[in-house]
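Enquirer: Starting off with a structure, shown below.
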Amino acid sequence: MLGIEDKYVAVAYILCVASSLLCVVYGLINWNRGADEAKTEDLQWAQEEKKLEDEL
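Quick note on numbering: our numbering labels position 27 of the sequence shown as 803, and the sequence is numbered without any gaps.
Encoded structure:
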């Protein structure tokens, strides 16, 4: 099989190609998925952080 005599090496190549394809499919499915919306806790934390940075 393509000059590969050991079946374990062939399996490793096949798994590498399969994982690459899986990553591409996952990326295509989640391509335009929107980001998580910011929670009020996150916004308050960002405001407090900005105030602290301005004070320094």
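Every residue, glycine too, gets a C-beta built ideally from N, C-alpha and C.
Residue 823 to residue 812, Cα distance in whole Å?
Expert: Residue 823 sits at position 47 when you count from the first residue of the sequence shown. Residue 812 sits at position 36 when you count from the first residue of the sequence shown. Cα to Cα, residue 823 sits roughly 19 Å from residue 812.
Enquirer: Quick check: the Cα distance between residue 790 and residue 808, rounded to an integer number of angstroms?
Expert: Position 14 of the sequence shown, counted from the first residue, corresponds to residue 790. Position 32 of the sequence shown, counted from the first residue, corresponds to residue 808. Taking the straight line from one Cα to the other gives about 29 Å.
Enquirer: Have a look at residue 781 and residue 806 and give me their C-alpha separation to the nearest angstrom.
Expert: Walking along the sequence shown from the start, residue 781 turns up at place 5. Walking along the sequence shown from the start, residue 806 turns up at place 30. Computed Cα separation, rounded: 38 Å.
Enquirer: If you draw a straight line from the C-alpha of residue 819 to the C-alpha of residue 828, how long is it?
Expert: As a first step, residue 819 is located in the sequence shown; it is residue number 43 there, counting from the start. As a first step, residue 828 is located in the sequence shown; it is residue number 52 there, counting from the start. The alpha-carbon separation between residue 819 and residue 828 amounts to approximately 14 Å.
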